[in-house]
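Counting from 1, position 194 in the sequence shown corresponds to residue 491 in the working numbering; the numbering is continuous, with no gaps.
Written below as structure tokens is the structure these notes are about.
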Amino acid sequence: MKLTSADLARVRIVSGPHPVGTAVLASQALREPAVAAAAPALAARFRRAAPGLGPLLHLLPAHGVLPDFLTPRGSLDSIEDGLATVRATPARRIRSEVGATCTHLRPTASRRRFASADPELLDALVASLRHLFHEVLAPDWPTLRRAHHRDVAELGHRYALSGVDGVLAGLHPAVRWRSPVLEIDTHRHHAEVRAGGHGLLLCPSPFAGPRPRVQIEPGRATLVVVQAAAPVWAAGDPVANLMGRTRAAVLRAAARPGRHTTSTLARDVDVSLSSASEHLTALRTAGLVASVRTGGAVVHRVTALGHGLTGGSDEAFHERQRVIDVTEHERRDAQPLA
């Protein structure tokens, strides 16, 4: 893949794990013994959910390339919005992509119908993906979000130290960066492509597999999905294990929508005012909470780092910050003149 200066100026990282894309990749990864051994609780849920995953496991290959339409770019926060995007895929695209990626599967009546874009088979596939997400991934979705934020932070740190060259050179063992050419060893046949000035969209995923996955769509950034380090599938609440249950509760309370003062947080978590103040001081020192005096009160809000630790999405974080800023502005405007 030949990258231009315009492409290099548009290297970005997806803001969070995609519910549908993650479910599709997990449907392959969790059939691998090594992945199942590393995430035993996840693998156990996958086995229990298997009766509802029949169409998904039958229609898609257990290894290798998957149809690109099953990795929609938008709707990062909602499994239903993502599934609606999949369901709305034009029949021509389904026939083309299924024909290109599933040719090695043994022909069956269901697979033939799926390859012909039969709406009933597409509905069955969507239902299986929904089942997999809710029954297998949802209990660990906060963990997957935290892992993604960790990966984004690591890539951002690498960019700060060595620029885009450092990011691309250390992206994955199967990715080789020799400016201006990015060589990627994928499951697809070898082909020379150009990003076309639209840039790269990098997506680390613990379910990507040993070879990166590349999705090329006209007029859009080239999506490159690479294997990320597996999350720590900790039992219980990992945030509480790290900082204690009360401090974790204060952090999560401060991450909720609304205007939070020391008094309101003490009331929400059911602790004394002095205890809430002590925990907020520790969280502020760690860079997880920011505090600003507004009028006669001190207002607390989680930082981007704190929001990532609680497993929230970037979109929700920025929208909540916007609402807080507007509310504080209106509150100041409402103060009587001295």
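Every residue, glycine too, gets a C-beta built ideally from N, C-alpha and C.
Checklist entry - Which ranges does the alpha helix (DSSP H) cover as unbroken runs of at least 4 residues, wholly within the region 417 to 474, from first to last along the chain? => result Given a length threshold of 4 residues, each whole run of the alpha helix (DSSP H) inside the region 417 to 474 is given here in chain order: 438 to 466.
Checklist entry - Unbroken beta strand (DSSP E) runs of length 3 or more, entirely within the region 539 to 600: which are they? => result Runs of the beta strand (DSSP E) spanning 3 or more residues and lying entirely within the region 539 to 600 occur at 586 to 591 and 594 to 599, in chain order.
Item to check | Coarse secondary structure for I310, derived from DSSP in three states | outcome: Correct three-state label for I310: strand.
Item to check | Beta-carbon spacing of A550, L562 below 7 Å | outcome: Yes.
Checklist entry - Looking only at its own chain, which residues have a Cβ that is under 7 Å from the Cβ of V568, when we skip the five neighbours before and after it? => result Annotation for V568: T543 place their beta carbon closer than 7 Å to its own, counting only its chain and skipping 5 residues before and after.
Checklist entry - Where does R553 land, buried or exposed, given buried means 16+ other C-beta within 10 angstroms? => result Counting the other CB atoms within 10 Å of its CB gives R553 a total below 16, which places it among the exposed residues.
Next on the checklist: If you follow the alpha helix (DSSP H) that E394 is in, where does it begin and where does it stop?
Outcome noted: A388 to T398 is the span of the alpha helix (DSSP H), which, as asked, contains E394.
Item to check | Buried versus exposed call for L422 [16 or more other C-beta atoms within 10 Å across all chains shown] | outcome: So L422 counts as buried.
Checklist entry - A469 and V523 look like a contact to me (Cβ under 8 Å); what is the Cβ gap, rounded to whole Å? => result Strictly speaking, residue 469 in this sequence is His, with Ala absent from that position. With 8 Å as the limit, H469 and V523 qualify as a contact, their Cβ atoms being about 4 Å apart.
Checklist entry - Among the residues of its own chain, which have a CB less than 6 Å from the CB of L365, if the five just before and after it don't count? => result Here residue 365 turns out to be Asp, not Leu, going by the sequence shown. Hits under 6 Å: E394 and Q512.
Checklist entry - Can at least three beta-carbon pairs, one atom from the region 500 to 510 and one from the region 317 to 333, be found at a separation below 8 Å? => result Verdict: yes, contact present.
Checklist entry - Between P369, S375 and R389, which lies nearest to T382 when the distance is taken from Cα to Cα? => result Per the Cα distances, P369.
Checklist entry - Measuring CA to CA, which of A518, S560, H484 and V586 is closest to G361? => result When only C-alpha atoms are compared, the closest one is H484.
Checklist entry - Counting Cβ pairs, one atom from each stretch, are 3 or more of them under 8 Å apart for the region 470 to 482 and the region 299 to 311? => result Because the criterion of three Cβ pairs below 8 Å is met, the region 470 to 482 and the region 299 to 311 touch.
Next on the checklist: Give me, in chain order, the residues of the same chain whose beta-carbon lies closer than 7 Å to that of R345; leave out the 5 immediate sequence neighbours on both sides.
Outcome noted: Excluding positions up to five away in sequence, the list is empty.
Item to check | Minimum C-alpha distance to A537 - residue among T607, T559 and R389 | outcome: Taking the Cα of A537 as reference, the smallest distance to any Cα among T607, T559 and R389 is reached at T607.
Checklist entry - Under the criterion of a Cβ to heavy atom distance below 6 Å, does L548 qualify as lining the ligand SAM? => result By its list of ligands, the structure shown contains no ligand whatsoever, and the ligand SAM lies outside what it can speak to.
Item to check | Alpha-carbon to alpha-carbon, V317 and P439 | outcome: Rounded to the nearest angstrom, the two C-alpha atoms are 15 Å apart.
Next on the checklist: The alpha helix (DSSP H) that contains T301, what's its start and end?
Outcome noted: For T301, there is no enclosing alpha helix (DSSP H), since its DSSP letter is neither H nor E.
Checklist entry - Tell me which same chain residues have a C-beta within less than 7 Å of the C-beta of V490, skipping the five on either side of it? => result M298 and I513.
Checklist entry - Mapping DSSP to helix, strand and coil, what is E480? => result The answer is strand: DSSP assigns E480 an E or B state.
Item to check | Where R344 falls: helix, strand or coil (DSSP) | outcome: In the structure shown, R344 sits in a helix (DSSP, three-state: H, G or I).
Checklist entry - L402 and R410 look like a contact to me (Cβ under 8 Å); what is the Cβ gap, rounded to whole Å? => result Contact between L402 and R410 is ruled out by a C-beta separation of about 13 Å, above the 8 Å threshold.
Item to check | Spatial neighbours of A471 in its chain, beta-carbon cut-off 6 Å, leaving aside the 5 residues before and after | outcome: Cβ neighbours of A471 beyond the five flanking positions: D482, R508 and P509.
Checklist entry - Would you call the region 416 to 433 and the region 351 to 358 in contact, with 3 or more CB pairs under 8 Å? => result Taking a cut-off of 8 Å for Cβ pairs, the region 416 to 433 and the region 351 to 358 touch, as three or more such pairs fall below it.
Next on the checklist: Assuming S502 is part of the beta strand (DSSP E), what are its boundary residues?
Outcome noted: Per DSSP, S502 belongs to the beta strand (DSSP E) from L497 to S502.
Checklist entry - How many Å lie between R598 and P330 at the Cα? => result Those two C-alpha atoms are separated by around 43 Å.
Checklist entry - Which same chain residues, not among the five before or five after D611, have their C-beta less than 7 Å away from its C-beta? => result Unreliable placement is indicated for D611, whose pLDDT of 46 sits below 50; the coordinate value is still reported in the next sentence. Residues S312 and G313 of the same chain have their beta carbon placed closer than 7 Å to that of D611, with the five preceding and five following residues left out of the count.
Checklist entry - How should L241 be labelled, buried or exposed, when 16 other C-beta atoms within 10 angstroms of its C-beta is the threshold for buried? => result With the chain running from 298 to 635 in the structure shown, residue 241 is simply not present.
Checklist entry - With a CB to CB cut of under 6 Å and the five nearest residues on each side skipped, what residues in its chain are close to G379? => result Closer than 6 Å at Cβ, skipping near neighbours: P316, V317, P369 and S372.
Next on the checklist: Which of the three DSSP states is assigned to V362 in this structure?
Outcome noted: Three-state DSSP puts V362 in coil, outside helix and strand.
Checklist entry - Taking C-alpha atoms, which residue in T558, A340 and V586 lies nearest to G593? => result Answer by Cα proximity: T558.
Item to check | As assigned by DSSP and simplified to three states, the class of A613 | outcome: In this prediction, A613 has a pLDDT of 47, which is less than 50 and means its spatial position is unreliable; nothing more can be read from the coordinates.
Next on the checklist: According to DSSP, is L402 part of a helix, a strand, or is it coil?
Outcome noted: In the structure shown, L402 sits in coil (DSSP, three-state: anything other than H, G, I, E or B).
Checklist entry - By how many angstroms is the C-alpha of T405 removed from the C-alpha of C399? => result Rounded to the nearest angstrom, the two C-alpha atoms are 12 Å apart.
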